[in-house]
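Here the structure comes first, spelled out in structure tokens, and everything after it is commentary.
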Amino acid sequence: MKIAILSRDGTLYSCRRLREAAQQRGHQIEILDPLSCYMNVSPVASSIHYKGRQLPHFDAVIPRIGSAITYYGTAALRQFELLGSYPLNESVAITRARDKLRSLQLLARQGIDLPLTGIAHSPDDTSDLIAMVGGAPLVVKLVEGTQGIGVVLAETRQAAESVIDAFRGLNAHILVQEYIAEAKGCDIRCLVVGNEVVAAIERRAKEGDFRSNLHRGGMATVAQISDEERAIAIKATQNSRAGRRRCRYFTRRPRAAGDGGECLAGAGRGGNHHRRGCRRQDDRLDRAPGDAGILFENRRLTVGCKTAMVCGAFFA
Numbered sequence: 167m168k169i170a171i172l173s174r175d176g177t178l179y180s181c182r183r184l185r186e187a188a189q190q191r192g193h194q195i196e197i198l199d200p201l202s203c204y205m206n207v208s209p210v211a212s213s214i215h216y217k218g219r220q221l222p223h224f225d226a227v228i229p230r231i232g233s234a235i236t237y238y239g240t241a242a243l244r245q246f247e248l249l250g251s252y253p254l255n256e257s258v259a260i261t262r263a264r265d266k267l268r269s270l271q272l273l274a275r276q277g278i279d280l281p282l283t284g285i286a287h288s289p290d291d292t293s294d295l296i297a298m299v300g301g302a303p304l305v306v307k308l309v310e311g312t313q314g315i316g317v318v319l320a321e322t323r324q325a326a327e328s329v330i331d332a333f334r335g336l337n338a339h340i341l342v343q344e345y346i347a348e349a350k351g352c353d354i355r356c357l358v359v360g361n362e363v364v365a366a367i368e369r370r371a372k373e374g375d376f377r378s379n380l381h382r383g384g385m386a387t388v389a390q391i392s393d394e395e396r397a398i399a400i401k402a403t404q405n406s407r408a409g410r411r412r413c414r415y416f417t418r419r420p421r422a423a424g425d426g427g428e429c430l431a432g433a434g435r436g437g438n439h440h441r442r443g444c445r446r447q448d449d450r451l452d453r454a455p456g457d458a459g460i461l462f463e464n465r466r467l468t469v470g471c472k473t474a475m476v477c478g479a480f481f482a
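Take a look at the structure:
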């Protein structure tokens with residue numbers, strides 16, 4: 167197959183590993199900077215150009231679109247879709263994953279259990295908003311934050327009000343969510359290909375932090391998930407069409423926690439945990455290029471989009 171990877175930096179480990187594995191399987195692969203793509207949108211002659219040349223047709227596209235370039239990156243991906251290329255993760259899935267509120271609303275519509283979550287615009291509603299999610303301690307997070315950035319644990323009501331007011335002063339859209347103490351800074355992310363969970367890792371926050379993001383110093387190990395968590399992951403990914411889901415375990419039943427557009431981990435840190443589980447899943451890509459993958463986080467459940475980053479041996 168002829169495959170394109172959309173990435174701002176083709177020297178990243180994940181891009182190099184994907185290129186290497188694809189070439190070993192006989193695929194042709196090209197890494198393209200999405201910001202260098204420019205498009206002709208026409209009902210009869212749509213095309214994509216790149217650095218002075220018109221791009222040929224690609225059978226599949228693997229999007230590696232960072233949060234800073236979501237708008238133009240997904241626009242470029244959408245153009246590939248319109249021209250018949252099969253995306254590993256669709257543009258609509260990426261935009262859903264970047265909006266935590268939209269992700270939660272989609273999950274709630276499907277009847278998937280969620281942590282208590284609130285959102286409000288007016289500062290007059292702060293007191294009732296805090297009460298709505300069960301009071302402090304609670305988590306305040308930016309709707310479009312990634313990699314643990316813009317996520318704050320407010321342990322008292324006064325602290326919660328101060329954090330909410332501070333974010334509002336920046337004209338930022340925020341979510342207020344109940345704090346699940348049982349999670350203890352742990353979560354599991356699962357990679358789903360089609361209707362099958364093929365790999366999972368557990369992330370654990372560094373001492374003194376509640377965020378398990380590897381970018382924040384968390385650690386990752388191979389994980390086992392229950393049948394219930396597996397079923398929730400698959401149902402959630404079918405609902406959002408996104409590339410990753412996060413499922414967190416509680417003393418109560420597992421619940422979905424929303425969408426996270428950042429990748430499971432930089433493949434250099436987390437990719438090795440997935441290789442054994444993904445090793446033979448490449449045949450699925452040969453049959454249906456772009457078959458969406460999904461990841462989970464243990465202690466709650468999220469949707470994400472950059473499956474390609476974590477599946478370093480997707481083609482191997």
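So the sequence shown is numbered by our numbering: it starts at 167 and just counts up by one.
Even for Gly, the Cβ is constructed at its ideal location relative to N, Cα and C.
Counting along the chain, the unbroken alpha helix (DSSP H) around Ala242 starts and ends at Thr236 to Leu248. Per the Cβ contact rule, the stretch 241 to 257 is in contact with the stretch 201 to 213 (3 or more Cβ pairs under 8 Å). Counted as a single uninterrupted DSSP element, the stretch harbouring Ala211 is not any alpha helix (DSSP H), since DSSP gives it neither H nor E. A Cβ-Cβ separation of about 16 Å leaves Ala302 out of contact with Ala286 under the 8 Å criterion.
DSSP, read as helix, strand or coil, puts Ser269 in helix. Cβ contact annotation for Arg323 (same chain, cutoff 8 Å, sequence separation greater than five): Ile296, Gly301 and Ala302, in chain order. The DSSP-derived three-state label of Ile367 is strand. For Ser173, the uninterrupted beta strand (DSSP E) run begins and ends at Lys168 to Ser173, by DSSP. Apart from sequence neighbours up to five positions away, the residues of its chain that approach Val306 with a beta-carbon distance below 7 Å are Val318, Ala320, Ala326, Val329, Ile330, Phe333, Ile340 and Val342, ordered along the chain.
Contact check between the stretch 264 to 280 and the stretch 392 to 402: three or more CB pairs, one atom from each, fall below 8 Å, which counts as touching. DSSP places Arg262 inside the alpha helix (DSSP H), whose first and last residues are Ser257 to Arg264. Only exposed fits Ala347, as fewer than 16 other CB atoms lie within 10 angstroms of its CB.
Between Val364 and Ser392, the alpha-carbon positions lie close to 13 Å from each other. In the three-state reduction of the DSSP assignment, Pro281 falls in the coil class, being assigned neither a helical nor a strand state.
Shown here for Asp199: same chain residues with a beta carbon closer than 6 Å to its own, the five before and five after excluded, namely Arg174 in chain order. Judged by DSSP in its simplified three-state form, Lys401 adopts helix. Assignment of Pro222 by DSSP, reduced to helix, strand and coil, places it in the coil class. Taking C-beta atoms as the reference points, Ile195 and Ala187 fail to come closer than 7 Å. The three-state secondary structure of Gln324, taken from DSSP, is helix.
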